[in-house]
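K.L.:
Pasting in a structure now, in structure tokens, and then I'll have a few things to ask.
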Amino acid sequence: MSASRTSRSGIFDGRLNLEQQRKRAKELLKSARNQQADAQTRIAAHLPGKSIDDLQLADSQLVIARENGFASWPKLKSHIDRITEYQRQIASGHLPTLDTPQTLHLRCGSDIRHGLELAGFAGAFMEFSDPFCQGTVPDVPLPDFIETRARFIASSYRIDFPDALSRLQREYAGLATLGDYDHVVLWFEHDSYDQLILAFLLDFIATLRPRTRLDLICVDRVPGVERFIGLGQLSPELLIWCWENARAPVSDDMLAFGQTVWPAIRASNPDALRAIIDNSQSPIPCMITALERHLRELPDPKSGLGLTHKLTLQIIRDHGPITAGKIFGHLMRTYDPLPFLGDLMFWDVLVDMGRAKMLLFTYPENPTQTPWPDRTLSLSETGHEVLSGTRNFMGFYTGERWVGGIRISGGATGP
């Protein structure tokens with residue numbers, strides 16, 4: 187990828203164990219009967235008005251099922267049975283026919299490529315991963331646009347420009363071949379990294395009009411996964427579940443929506459995006475949530491911080507001194523309501539936050555001698571002031587960044 191996304195290692199992959207869930211239900215029942223407050227709160231959240239004295243195992247099983255995203259315990263059990271069967275088929279090598287070699291799986295990264303192979307998908311795989319959630323997206327002819335994006339990627343993610351340019355040229359050229367396949371499936375999740383790319387692709391496809399069957403898999407949650415971050419965290423059998431349960435045809439309304447959203451992303455002010463967000467008639471609900479998160483990267487009027495900046499300072503305040511790698515882990519797993527950054531993308535955020543007349547955080551001596559994930563950060567007095575809103579970061583920021591087509595620089599936000 188042009189900018190690597192976060193590793194999914196250590197993040198739950200969606201495999202549920204029925205015996206474990208039964209044990210959890212029994213433990214919940216016992217804890218509730220023993221008047222433990224946390225257990226009683228969980229019961230009340232899903233079974234309001236239920237008397238603890240009347241609580242039965244079936245009730246605690248229902249709570250466990252609902253906490254996992256299922257309407258009932260039988261639905262939870264049925265899901266686990268189906269996923270277990272997928273797992274058995276994968277292990278035995280006797281896989282059902284899911285697609286054909288004339289299917290193309292298009293994804294904004296390579297994170298599910300191996301999982302699709304393990305799950306038995308036979309189609310080709312194409313990656314298109316220009317990270318529009320960072321850097322400028324100028325309204326210029328496509329060759330100039332690609333070069334501008336490549337220069338941003340090279341400078342921000344420490345990639346040689348010829349390599350960045352060659353990769354982008356190859357990925358954009360690949361989009362012209364969509365009509366060569368009988369079936370194209372777009373695999374996307376709900377964050378702004380994915381959804382901004384999806385908006386571009388829908389706009390592109392609406393113009394290209396390839397003669398092929400088009401489907402979209404767009405998920406913001408997976409049953410049994412409490413904190414779903416992205417498709418890359420899912421086991422191969424959960425990718426089959428997405429294929430069977432979350433795949434839908436790309437409609438004309440979706441294509442038209444992409445043609446509306448993509449120019450709004452490139453606009454020099456947020457008005458068009460805000461109008462889209464305020465209109466609830468979206469054929470892709472995930473995109474609305476992602477656009478809301480995207481606009482939260484604009485400077486807050488009081489502190490001058492975008493949301494990623496603010497959360498980064500909060501993590502340093504709450505856990506510091508702390509290494510940059512651990513900050514990234516906290517951001518992805520806990521703090522960000524809709525995490526979208528890859529590791530190199532987050533490092534670029536930290537570098538940009540350091541482009542200021544006064545430092546928000548400090549590094550140890552000779553930080554360049556240490557790989558960036560291992561560098562320890564401490565919140566400065568200025569950082570405390572900005573985080574509290576008593577000082578505005580835009581007053582001493584000396585860098586430049588972009589939120590779509592909106593330019594952010596010291597003392598200014600605009601085109």
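Take the sequence shown: its letter number 101 is residue 287 in our numbering, and every next letter is one higher. From the three backbone atoms N, C-alpha and C, an ideal C-beta is built for every residue, glycine too.
Would the region 352–365 and the region 412–425 be scored as touching if the rule is three or more Cβ pairs under 8 Å?
P.N.:
no
K.L.:
How should Ala211 be labelled, buried or exposed, when 16 other C-beta atoms within 10 angstroms of its C-beta is the threshold for buried?
P.N.:
buried
K.L.:
When you compare the CB positions of Gln445 and Ala385, do they come within less than 7 Å of one another, or not?
P.N.:
no
K.L.:
When you compare only the Cα positions, how much space is there between Arg541 and Met580?
P.N.:
Put simply, the backbone Cα of Arg541 is about 11 Å away from that of Met580.
K.L.:
Compute the distance between the beta-carbons of Gln288 and Asp368, then report whether it is under 7 Å.
P.N.:
Yes, these two residues count as a Cβ contact at 7 Å.
K.L.:
Who are Asp401's beta bridge partners in DSSP?
P.N.:
Val371, Pro435
K.L.:
Tell me the rounded alpha-carbon separation between Ser217 and Thr520.
P.N.:
26 Å
K.L.:
Pair every Cβ in the region 251–258 with every Cβ in the region 280–300, then say whether three or more of these pairs are closer than 8 Å.
P.N.:
no
K.L.:
For Pro422, is the classification buried or exposed, using 16 other Cβ atoms within 10 angstroms of its Cβ as the cut-off for buried?
P.N.:
buried
K.L.:
Anyone know if the C-beta pair for Leu517 and Leu497 falls short of 7 Å?
P.N.:
yes
K.L.:
In angstroms with no decimal places, state the Cα-to-Cα distance between Val323 and Glu333.
P.N.:
11 Å
K.L.:
What residue range is occupied by the uninterrupted alpha helix (DSSP H) comprising Val249?
P.N.:
243–253
K.L.:
When you compare only the Cα positions, how much space is there between Val371 and Leu402?
P.N.:
6 Å
K.L.:
In this structure, does DSSP put Glu586 in helix, strand or coil?
P.N.:
strand
K.L.:
Could you give the DSSP three-state label for Gly596: helix, strand or coil?
P.N.:
Looking at Gly596 - three-state DSSP - the assignment turns out to be coil, as it is neither helix nor strand.
K.L.:
Can you grab the Cα-Cα spacing for the pair Pro601 / Val326, in whole Å?
P.N.:
Unreliable positioning characterises Pro601 in this predicted model, as indicated by a pLDDT of 43, which lies under 50. The coordinate reading is nonetheless provided below. Answer to the nearest angstrom: the Cα atoms are 14 Å apart.
K.L.:
In the DSSP assignment, find the alpha helix (DSSP H) that holds Glu313 and state where it starts and stops.
P.N.:
From DSSP, Glu313 is part of no alpha helix (DSSP H) but of the beta strand (DSSP E) over 310–313.
K.L.:
Going by C-alpha to C-alpha distance, which of Glu478, Asp439, Trp533 sits closest to Ala458?
P.N.:
Glu478
K.L.:
Would you tell me roughly how many angstroms separate the C-alpha atoms of Gln351 and Asp245, rounded to the nearest one?
P.N.:
First, the amino acid is wrong: residue 351 is Leu here, not Gln. Using only the alpha carbons, I get a separation of about 58 Å.
K.L.:
What residue range is occupied by the uninterrupted beta strand (DSSP E) comprising Ser564?
P.N.:
562–565
K.L.:
Gln381 and Met440: beta carbons closer than 7 Å?
P.N.:
no
K.L.:
Please report how far the alpha carbon of Trp373 lies from the alpha carbon of Glu430, in whole angstroms.
P.N.:
13 Å
K.L.:
Going by Cα to Cα distance, which pick from Ala453, Val537, Leu304 is closest to Tyr272?
P.N.:
Leu304
K.L.:
Report the residue from Asp406, Arg268, Ile594, Gly410 whose alpha carbon sits nearest the alpha carbon of Gly490.
P.N.:
Ile594
K.L.:
On the criterion of 16 or more Cβ atoms from any shown chain inside 10 Å, does Thr363 qualify as buried, or is it exposed?
P.N.:
exposed
K.L.:
Which value, in whole angstroms, describes the spacing of the CA atoms of Leu546 and Leu262?
P.N.:
47 Å
K.L.:
The alpha helix (DSSP H) spanning Thr494 covers which residue range?
P.N.:
Per DSSP, Thr494 is one residue of the alpha helix (DSSP H) stretching across 493–505.
K.L.:
Note down, one range per segment and in chain order, each alpha helix (DSSP H) of at least 4 residues found wholly within the region 334–387.
P.N.:
347–361
K.L.:
Going by C-alpha distance, which of Phe318, Ile426, Glu213, Leu420 is nearest Asp297?
P.N.:
Leu420
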